[in-house]
Amino acid sequence: MRYPTYPEYKESDAQWLGQVPGHWGAVSLRWISQRYAGGTPDKSNDAYWEDGDIPWLNSGSVNDGYITEPSAYITREGFANSSAKWIPENALVMALAGQGKTKGMVALLGIRATCNQSMAAIIPKEKLTPRFLYWWLVSNYQNIRNMAGGEQRDGLNLDMLGSIPCPLLPLTEQTAIADFLDRETGRIDTLVAKKQRLIVLLKEKRTALISRTVTRGLPADAAREFGLDPHSRFKDSGIEWLGEVPEGWEPTPLKFIAGIQTGYAFSSDDFTDEGIPVLRIGDISRDGCVDFTNAKYLPETYKIAYSKVLITRGAIVMAMTGATIGKAGKYDLDDPALLNQRVCSFYSTGDNDQSFLWYLLNADFYLEYIKLTAFGGAQPNISDTELLGCIVAVAPSAEQTAIAAYLDRETAKIDKLVEKVEMVTARLQEYRTALITAAVTGKIDVREAVA
Numbered sequence: 001m002r003y004p005t006y007p008e009y010k011e012s013d014a015q016w017l018g019q020v021p022g023h024w025g026a027v028s029l030r031w032i033s034q035r036y037a038g039g040t041p042d043k044s045n046d047a048y049w050e051d052g053d054i055p056w057l058n059s060g061s062v063n064d065g066y067i068t069e070p071s072a073y074i075t076r077e078g079f080a081n082s083s084a085k086w087i088p089e090n091a092l093v094m095a096l097a098g099q100g101k102t103k104g105m106v107a108l109l110g111i112r113a114t115c116n117q118s119m120a121a122i123i124p125k126e127k128l129t130p131r132f133l134y135w136w137l138v139s140n141y142q143n144i145r146n147m148a149g150g151e152q153r154d155g156l157n158l159d160m161l162g163s164i165p166c167p168l169l170p171l172t173e174q175t176a177i178a179d180f181l182d183r184e185t186g187r188i189d190t191l192v193a194k195k196q197r198l199i200v201l202l203k204e205k206r207t208a209l210i211s212r213t214v215t216r217g218l219p220a221d222a223a224r225e226f227g228l229d230p231h232s233r234f235k236d237s238g239i240e241w242l243g244e245v246p247e248g249w250e251p252t253p254l255k256f257i258a259g260i261q262t263g264y265a266f267s268s269d270d271f272t273d274e275g276i277p278v279l280r281i282g283d284i285s286r287d288g289c290v291d292f293t294n295a296k297y298l299p300e301t302y303k304i305a306y307s308k309v310l311i312t313r314g315a316i317v318m319a320m321t322g323a324t325i326g327k328a329g330k331y332d333l334d335d336p337a338l339l340n341q342r343v344c345s346f347y348s349t350g351d352n353d354q355s356f357l358w359y360l361l362n363a364d365f366y367l368e369y370i371k372l373t374a375f376g377g378a379q380p381n382i383s384d385t386e387l388l389g390c391i392v393a394v395a396p397s398a399e400q401t402a403i404a405a406y407l408d409r410e411t412a413k414i415d416k417l418v419e420k421v422e423m424v425t426a427r428l429q430e431y432r433t434a435l436i437t438a439a440v441t442g443k444i445d446v447r448e449a450v451a
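Residue numbers are given in our numbering: position 212 of the sequence shown equals residue 212, and the series is strictly consecutive.
Encoded structure:
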C-alpha cells in the first residue's frame, strides 16, 4: 500500500533524521526524557533474593519488546542495598550491553519493575509519548549500537543515550504513528510467524522423508523408476529406533560401513592470515553449512605434513563437541581444508555409497542417538567410537545408490520451497523495517490511516 507524504518538508539538521515535515522539530533525548541505570543486589546473599517481591529485569528481558514478566524478584533488603531503582510502568528500558544482538534493543514496560546495571530506564517527559519513542528507538537500533563502537564488548552509556536525536511533533500525531505501527507491524509479524512455521514444517518433512527412506527403502513408484523391485516383506530389526526393515537389509553398527577421521590439535600460534583454512567447531553452523567468515588459516605446507586430516569437496564433517554436536555438514568448497580437533569427517568403506552415508547421518534416529550418547552437560562431547556405534539398516550397494539419488532429488525440491519461503520472510521483515523508519521520520503521513 502507498501512503501519502506531508505537504511540506524542511531540513532538521539532526543526525539520523534528514528532512522532516514542516511542523516537526528535533531535539536530543536528554532534554525530553529521564534516564538512569539499574543495579544488581549481591547474588551471593540469599537475603537479597529469596522470597523477593520486587520485579527485577536482566538484559535479555528486552528481546520481547514488551515486558509483562520479570526475570527474577529481589527483596526489599536487596533493593535497599543495591543501586536498583524503581522504573514506572509505560517507561522504556534499553540494554546497554549484552550478548549477540541484545545491546541497543529496547522494550516497553507493562509492569513497574527494577533492572540490572546493564540496562537503562528511559522515562519520556510530557512532550514525548512512550510508544512513539519506542518505535523511534527501534528504527535506530543499528545507529544506537554503532554509538558504542564496533567491538562486541563495547557498551552504551547514559551520555550516549542522552545524545540520541529525536523528532518532536504533536502528541496526537505521535499517538497516531504509534497506533499505525502497532497495527501494521502486528499484521506483518503474523505473516512472518506463519512463514516461519511453514519453514519448520518443511524441514520436518525433509527429515521424515530421509528417515523413512533409509530405514524402509524407496516408495514403490520410485523403486520401479530406479529399476528395483518394491519391498513387500519386512522383518523386525530388533532395534527400537529402526523398527521393521526390508528383508535383505541388515541392521549393523555404523562402524562396519563407515570410518571416521578425527581432527588435529593445531596450535593457535601457528595460525596465519592466509593459506589453507582450518575447519573448527565454530565454522559448522546449526544447519550443517560450513562458514569460513571467521576462518583461521595455516601455511600451505601443512597440506603435505598433515595430509591425514585434509578434506576436500564432498567430505562429510561433524562437530564432536558443543552446541552443534552431531550435526552433519557437507564440505562444498573448492579449496581443501584441515580438520581441527573435535571435528571429524566420515567416509564410507567397502562398496557402501558415500551419499547414502550422508543421509543416514541426517536421519532423526541418528541425531537422537547422539543426544542420548553424548556426555558432558552444558558442553556435550562424543567420541569417534560412539559415533560409529549406532546401529543402522544397511541396504545392498545398488539400492543405496538409488536411495541417495532419490533423496537428492526430493530433498532438493523441499530445499527450493524453503528457500522461496525464506525469501518471502526476508522481504516482509525488510518491509517492516522500512515502514517503521518511514513513519517515525515523517516520510509518510499515516494520520488518516488510523483515523
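Yeah, the Cβ is synthetic: ideal placement off N, Cα and C, and Gly gets one too. Note that the structure is predicted; figures quoted are calculated from it, not measured.
*Are the CB atoms of Leu108 and Tyr141 nearer to each other than 8 Å?*
In this structure, Tyr141 does not lie closer than 8 Å to Leu108 by Cβ.
_DSSP has Pro165 in a bridge; who is on the other side?_
Assignment of beta-bridge partners to Pro165 by DSSP yields Ser28.
*Could you say which of Val309, Gly38 and Leu279 lies nearest to Phe292 if we only look at CA atoms?*
Measuring from the Cα of Phe292, the nearest candidate turns out to be Leu279.
*Compute the Euclidean distance between the alpha carbons of Gly25 and Ser33, then round it to the nearest angstrom.*
CA-CA distance, Gly25 to Ser33, rounds to 16 Å.
*One or two residues paired with Ala107 in a DSSP bridge*: DSSP, once it has assigned bridges, lists Val93 as partnering Ala107.
*Taking the alpha-carbon positions, what's the Glu410 to Ala402 distance?*
Straight-line measurement puts the Cα of Ala402 at about 12 Å from the Cα of Glu410.
*For the beta strand (DSSP E) that Ser345 lies in, which residues bound it at each end?*
Its beta strand (DSSP E) spans residues Val343 to Ser348.
*asked:* With the cut-off set at 8 Å, would you say Thr272 and Leu310 are in Cβ contact?
replied: For Thr272 and Leu310, no; Cβs fall outside 8 Å.
*asked:* Quick check: what's the CA-CA separation for Trp49 versus Gly38?
replied: In this structure, the CA atom of Trp49 is about 16 Å from the CA atom of Gly38.
*Give me the Cβ distance between Ile239 and Asn362, rounded to the nearest whole Å; I'm assuming they're in contact under 8 Å.*
In fact, because the Cβ distance is near 18 Å, the residues do not count as touching under 8 Å.
_Contacting residues, own chain, Cβ-Cβ under 6 Å from Leu128 (five flanking each side not counted)_ = Here the set comprises Ile32.
_Outcome for Gly217 when other beta-carbon atoms lying within 10 angstroms are tallied against a minimum of 16_ = A residue is called buried once 16 or more other Cβ atoms fall within 10 Å of its Cβ, and Gly217 is buried on that count.
*Does any heavy atom of the ligand MN sit closer than 7 Å to the C-beta of Ala328?*
The ligand content of the structure shown is nil, which means the ligand MN is not present either.
*Classification of Arg2 by the beta-carbon crowding that lies within 10 angstroms, buried from 16 upward*: It is exposed - the Cβ of Arg2 has fewer than 16 other Cβ atoms within 10 Å.
*Give the DSSP-derived three-state secondary structure of Pro7 in the structure shown.*
Secondary structure at Pro7: coil, using DSSP grouped into helix, strand and coil.
*So is Phe375 buried or exposed if we call it buried at 16+ other beta carbons inside 10 Å?*
Using a 10 angstroms sphere on the CB of Phe375, the tally of other CB atoms stays under 16, which defines it as exposed.
*Going by C-alpha distance, which of Ala148, Pro88, Lys103 and Ser28 is nearest Met94?*
Looking only at Ala148, Pro88, Lys103 and Ser28, the smallest Cα-Cα distance to Met94 is reached by Lys103.
*asked:* Check for me: the beta strand (DSSP E) holding Ser33 runs from which residue to which?
replied: Counting along the chain, the beta strand (DSSP E) containing Ser33 begins and ends at Ser33 to Ala37.
*Could you pull out every unbroken beta strand (DSSP E) segment of at least 3 residues lying fully inside the segment 372–442, listed in chain order?*
Counting only runs of 3 or more, we get 391–394.
*By how many angstroms is the C-alpha of Glu419 removed from the C-alpha of Pro88?*
Cα to Cα, Pro88 sits roughly 44 Å from Glu419.
*From the DSSP output, which residues share a beta bridge with Phe234?*
The bridge partners DSSP lists for Phe234 are Pro246.
*Work out the CA separation of Arg131 and Leu176 for me, nearest whole Å.*
Reading off the sequence shown, one finds Ala at residue 176, where the question assumed Leu. Here the C-alpha atom of Ala176 lies approximately 10 Å from the C-alpha atom of Arg131.
_Just to confirm before moving on: does the CB-CB distance between Thr215 and Ala393 stay below 8 Å?_
Result yes, Cβ atoms of Thr215 and Ala393 sit closer than 8 Å.
_Output needed for Ala222: all residues of its chain with C-beta closer than 7 Å, excluding positions within five of it in sequence on either side, in chain order._
Shown here for Ala222: same chain residues with a beta carbon closer than 7 Å to its own, the five before and five after excluded, namely Tyr406 in chain order.
*Where does Arg427 land, buried or exposed, given buried means 16+ other C-beta within 10 angstroms?*
Its Cβ having fewer than 16 others within 10 Å, Arg427 is exposed.
*Can you check DSSP and say which residues form a bridge with Trp56?*
DSSP lists Ala72 and Thr114 as partners of Trp56.
*Could you check the C-alpha separation between Val62 and Lys85 for me, to the nearest Å?*
So the alpha carbons of these two residues sit roughly 17 Å apart.
*Alpha-carbon spacing of Cys390 relative to Pro253, whole angstroms*: Distance between the alpha carbons of Cys390 and Pro253 is about 5 Å.
_Whole-angstrom distance between Asp415 and Phe180, CA atom to CA atom_ = Cα to Cα, the separation comes out at about 36 Å.
*asked:* With distance defined between alpha-carbon atoms, name the residue in Leu57, Gln261 and Arg447 nearest to Val343.
replied: Cα-wise, what sits closest to Val343 is Gln261.
*CA-CA distance, Val138 and Leu92?*
Straight through space, the alpha carbons of Leu92 and Val138 are spaced by roughly 11 Å.
*Between Pro277 and the rest of its own chain, which residues show a CB-CB distance below 6 Å, the 5 nearest in sequence each way excluded?*
If we look at Pro277 and ignore the five residues flanking it on each side, its Cβ neighbours are Phe292, Ala295, Tyr297 and Ala337.
_Using a 10 Å radius around the Cβ and a threshold of 16 neighbouring Cβ atoms, would you call Glu353 buried or exposed?_
For the sequence presented, residue 353 should be read as Asp rather than Glu. Label assigned to Asp353: buried.
*How many angstroms separate the CA atom of Tyr331 from the CA atom of Cys289?*
The straight-line gap from Cα to Cα measures roughly 8 Å.
*Proximity of Asn340 and Gly263 at Cβ, strictly below 8 Å*: For Asn340 and Gly263, yes; Cβs fall inside 8 Å.
*In terms of residue numbering, what span does the beta strand (DSSP E) encompassing Ala223 cover?*
No beta strand (DSSP E) contains Ala223, which is instead part of the alpha helix (DSSP H) from Ala220 to Glu225.
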